[in-house]
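Novice:
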Amino acid sequence: MQTFLKINDNDNVIVALQTIPAGETVTVDVDGVEQKITAAEEIPAGHKMAIAPIPKGSEVIKYGYRIGNAKEDIGVGSWIHTHNVGTALGDLLEYTYEPVAIEETTTEDVTFMGFNRPDGKVGVRNEIWVIPTVGCVNNVATAIAKQANAFVKGSVSEVIAFPHPYGCSQMGDDQEYTRQILADLIQHPNAGGVLVLGLGCENSNIDVLKSYIGEYDENRVKFLVAQECEDEIAESVELIKGLIDYAAGFEREPISVSKLIIGMKCGGSDGLSGITANPLVGRFSDLLISKGGTTILTEVPEMFGAETILMNRCADEALFDKTVCLINDFKNYFKRHDQTIYENPSPGNKKGGISTLEDKSLGCTQKSGSAPVKGVLQYGEQVTTPGLNLLSAPGNDLVASTALAAAGAHIVLFTTGRGTPFASPVPTMKISTNSRLAGKKSNWIDFNAGVLVEGASMAEETKKFFDYVVEVASGKQVCSEAAGFHDMAIFKQGVTL
Numbered sequence: 016m017q018t019f020l021k022i023n024d025n026d027n028v029i030v031a032l033q034t035i036p037a038g039e040t041v042t043v044d045v046d047g048v049e050q051k052i053t054a055a056e057e058i059p060a061g062h063k064m065a066i067a068p069i070p071k072g073s074e075v076i077k078y079g080y081r082i083g084n085a086k087e088d089i090g091v092g093s094w095i096h097t098h099n100v101g102t103a104l105g106d107l108l109e110y111t112y113e114p115v116a117i118e119e120t121t122t123e124d125v126t127f128m129g130f131n132r133p134d135g136k137v138g139v140r141n142e143i144w145v146i147p148t149v150g151c152v153n154n155v156a157t158a159i160a161k162q163a164n165a166f167v168k169g170s171v172s173e174v175i176a177f178p179h180p181y182g183c184s185q186m187g188d189d190q191e192y193t194r195q196i197l198a199d200l201i202q203h204p205n206a207g208g209v210l211v212l213g214l215g216c217e218n219s220n221i222d223v224l225k226s227y228i229g230e231y232d233e234n235r236v237k238f239l240v241a242q243e244c245e246d247e248i249a250e251s252v253e254l255i256k257g258l259i260d261y262a263a264g265f266e267r268e269p270i271s272v273s274k275l276i277i278g279m280k281c282g283g284s285d286g287l288s289g290i291t292a293n294p295l296v297g298r299f300s301d302l303l304i305s306k307g308g309t310t311i312l313t314e315v316p317e318m319f320g321a322e323t324i325l326m327n328r329c330a331d332e333a334l335f336d337k338t339v340c341l342i343n344d345f346k347n348y349f350k351r352h353d354q355t356i357y358e359n360p361s362p363g364n365k366k367g368g369i370s371t372l373e374d375k376s377l378g379c380t381q382k383s384g385s386a387p388v389k390g391v392l393q394y395g396e397q398v399t400t401p402g403l404n405l406l407s408a409p410g411n412d413l414v415a416s417t418a419l420a421a422a423g424a425h426i427v428l429f430t431t432g433r434g435t436p437f438a439s440p441v442p443t444m445k446i447s448t449n450s451r452l453a454g455k456k457s458n459w460i461d462f463n464a465g466v467l468v469e470g471a472s473m474a475e476e477t478k479k480f481f482d483y484v485v486e487v488a489s490g491k492q493v494c495s496e497a498a499g500f501h502d503m504a505i506f507k508q509g510v511t512l
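All residue numbers for the sequence shown refer to this note's numbering, where the first residue is 16 and numbers rise by one.
What follows is the structure, encoded as structure tokens:
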């Protein structure tokens, strides 16, 4: 196995692919000349080692971009991490649109086995969803789903409840977000049928929520107000029996992958995230888009420091302006709450080798591939434009993944260097950045991108990964589905009454 990687010719650091002991010498190409570099101290796997002197205040370069400035003089062979490099990012910035030329390609269509819906949408699952309007009926929703699963038949795979703590005691945007996300999920095509379960006295009651849902198929969506029933569980189960009968009429059939919408997210990142799993997802995104499909990139705070790369890939200046607002609106959100904008990498990120937000963001945005940005979405907004879209949502794993599902994603691709078992309302595929994690947590990890630093070909792994996503879209369960995990979380804003 290769000991280290120099990502870009202009980098003044290398990334250790396995621990480099103090005193060990490696041969590195520095400005076109092979040089022997001796580790001045142990360099943990995933972490960075200086291959040139970096004076205090000078830029530390990785991915060909600045990931921060040296806090002190850094000598050749030194370990570079939070102790000697700090963010170089400022506050709100002025941006200029400097578009880059991107050659868009078209590749041969591929089909998956999915469900065509009457409204023209397609689903990759045929589930029955129980969606509570308010947290007060969470346990009731869970009990309903548990009982109703006894009546599942045909192409219907499962009855699932999505409890959440919101729907009442909210104001302003906080309440609007809840209503919009719930409405989005009610209309999601992975659900062949939906029971909307209300309490009756909540702010976001069923009558209020209907205006957010808009037009709906009365065969597919049913409503029940618990306070108006003698036995809300028994009556709900009867309604779900009817929903199962309706949804069982759908069968999988060949559908073009141009209809697929795939969300992209990372969490528990490490020093290999931007080298293996994220670039792999980026290649997948480019390939799906070349076939007419759609991908969505989110977690805006993890674009800070790499935002100009995305801005200059915007298809036109109007999208550039929207992306500037996407970034600055989130920075202002931090400022309104008196929080540090750039204090993002988590303890797990740092342990894995990520030193600054720029370091994290430059790795994170690898998931976007190289396609032009064709759409910019507000939180709760659904995707309408094929190609690469940017979505406003925080970095939090559950909140961002739910936001991707609400935006219309059929599947969420989740890259991770440390592992996580969570799920979202749609199949949530875990892609490991390293083989150690894939071997240790095979019950969590669906695809191992760690082989990319062990001699595997990116082209071959991209094809293998694309084929695997098509399998999942056609019904193959990911690990979290097999475990019975289904999570959702809504972006909390403002006060609670």
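For each residue, glycine too, the CB sits at the ideal point set by N, CA and C.
Measure the alpha-carbon distance for I143 versus H203 and round it to whole angstroms.
Specialist: Cα to Cα, I143 sits roughly 11 Å from H203.
Novice: CB G410 to CB P316, shorter than 7 Å?
Specialist: Result yes, Cβ atoms of G410 and P316 sit closer than 7 Å.
Novice: Need the endpoints of the alpha helix (DSSP H) that A421 sits in, please.
Specialist: First-last of the alpha helix (DSSP H) with A421: 412 to 422.
Novice: With 16 as the cutoff for other CB atoms within 10 Å, does M186 come out buried or exposed?
Specialist: When all chains shown are included, M186 counts as exposed.
Novice: Quick one: is F141 buried, meaning 16 or more other Cβ sit within 10 Å of its Cβ, or exposed?
Specialist: Per the sequence shown, the amino acid found at residue 141 is Asn instead of Phe. That one is buried.
Novice: Assuming G278 and S489 form a contact by the criterion Cβ under 8 Å, report the distance between their Cβ atoms to the nearest whole angstrom.
Specialist: In fact, because the Cβ distance is near 18 Å, the residues do not count as touching under 8 Å.
Novice: On the DSSP bridge list, what partners appear for Y577?
Specialist: Within the shown structure, residues of the chain are numbered from 16 to 512, placing residue 577 beyond reach of any answer.
Novice: Can we count P401 as close to the ligand COA, meaning its CB is less than 6 Å from some heavy atom?
Specialist: Among the components modelled here there is no ligand, and therefore nothing to report on the ligand COA.
Novice: In the structure shown, what three-state DSSP assignment does P436 receive?
Specialist: In this structure, P436 counts as coil in the three-state DSSP scheme.
Novice: Tell me which residue opens and which closes the alpha helix (DSSP H) that L254 is part of.
Specialist: 247 to 262 is the extent of the alpha helix (DSSP H) around L254.
Novice: Would the beta-carbon of K464 fall within 7 Å of that of A321?
Specialist: The identity of residue 464 in the sequence shown is Ala, whereas the question assumes Lys. Cβ atoms of A464 and A321: not closer than 7 Å.
Novice: Once you ignore the five residues that flank K337 on each side, which residues in its own chain have a CB closer than 7 Å to its CB?
Specialist: Taken in chain order, the residues that qualify are V391.
Novice: Please confirm whether G215 and V240 have their CB atoms less than 7 Å apart.
Specialist: Taking 7 Å as the Cβ cut-off, G215 and V240 qualify as a contacting pair.
Novice: Thinking C-beta only, is L341 closer than 7 Å to S385?
Specialist: Going by C-beta atoms, S385 is not nearer than 7 Å to L341.
Novice: Under DSSP, the alpha helix (DSSP H) around F299 begins and ends at which residues?
Specialist: F299 -> alpha helix (DSSP H) spans 292 to 305.
Novice: Taking contact to mean at least 3 C-beta pairs separated by less than 8 Å, is the region 294 to 307 in contact with the region 117 to 124?
Specialist: Result yes; three or more Cβ-Cβ pairs closer than 8 Å.
Novice: Looking at the strands, I want to know which residues DSSP matches up with D44.
Specialist: Looking at the DSSP assignment, D44 forms a beta bridge with E49.
Novice: Measuring CA to CA, which of K350, A37, N25, Q190 is closest to T511?
Specialist: Here the closest residue by C-alpha is Q190.
Novice: For R351, count neighbouring Cβ atoms within 10 angstroms of its own Cβ and tell me buried if that reaches 16, exposed if not.
Specialist: Exposed, since its Cβ has fewer than 16 Cβ neighbours within 10 Å.
Novice: Specify the secondary structure class of I460 as computed by DSSP and reduced to three states.
Specialist: Coil, per DSSP.
Novice: Please state whether DSSP places C340 in a helix, a strand or coil.
Specialist: In this structure, C340 counts as helix in the three-state DSSP scheme.
Novice: Does the structure place the region 124 to 140 close enough to the region 99 to 114 that three or more beta carbon pairs sit under 8 Å?
Specialist: In short, these stretches do not touch, since the Cβ pair count stays below three.
Novice: Between the Cα of V466 and those of F480, K478, F481, N449, spot the shortest distance and give me the residue it belongs to.
Specialist: Out of F480, K478, F481, N449, N449 has the C-alpha closest to the C-alpha of V466.
Novice: Among residues of its own chain, excluding the 5 on either side of E217, which ones have a beta-carbon nearer than 8 Å to its beta-carbon?
Specialist: Hits under 8 Å: T148, V149, C151, G182, C183.
Novice: In the DSSP output, what is P147 paired with across the bridge?
Specialist: Answer is L212.
Novice: Take V427 as the anchor and find which of V484, V48, L452 has the nearest alpha-carbon.
Specialist: The shortest Cα separation from V427 among V484, V48, L452 belongs to V484.
Novice: Assuming L413 contacts D502 (C-beta within less than 8 Å), just tell me the rounded distance between them.
Specialist: Right, the Cβ-Cβ distance comes to about 6 Å (below 8 Å), so this counts as a contact.
Novice: Can you round the beta-carbon distance between P360 and K375 to whole angstroms, since I take them to be within the 8 Å contact cut?
Specialist: Their Cβ separation, rounded to whole angstroms, is 5 Å, which keeps P360 and K375 in contact under 8 Å.
Novice: Can you find the residues in the same chain that come closer than 8 Å, C-beta to C-beta, to T477, ignoring five residues on each side of it along the sequence?
Specialist: Answer for T477: L295, R298, F299, L302, listed in chain order.
Novice: Am I right that V211 and V236 are in contact with their C-beta atoms under 8 Å? What's the rounded C-beta distance?
Specialist: That belief holds up - the Cβ atoms of V211 and V236 are roughly 7 Å apart, short of 8 Å.
Novice: Give the single residue among T97, I58, T111 whose Cα lies nearest to the Cα of V75.
Specialist: The candidate whose alpha carbon is nearest that of V75 is T97.
Novice: Can you tell me where the alpha helix (DSSP H) holding I58 begins and where it ends?
Specialist: Counting along the chain, I58 falls outside any alpha helix (DSSP H), and DSSP gives it neither H nor E.
Novice: For Q17, which residues from the same chain have a beta carbon less than 7 Å from its beta carbon, with the 5 sequence-adjacent residues on both sides left out?
Specialist: So the list reads L32, V468, once near-sequence residues are dropped.
Novice: What is the DSSP secondary structure of V139, reduced to helix, strand or coil?
Specialist: V139 falls in the coil class under three-state DSSP.
Novice: Under DSSP, the beta strand (DSSP E) around S271 begins and ends at which residues?
Specialist: Its beta strand (DSSP E) spans residues 268 to 271.
Novice: By DSSP's criteria, S447 is part of a beta bridge. Which residues make up the other side?
Specialist: Paired residues: T431, N463.
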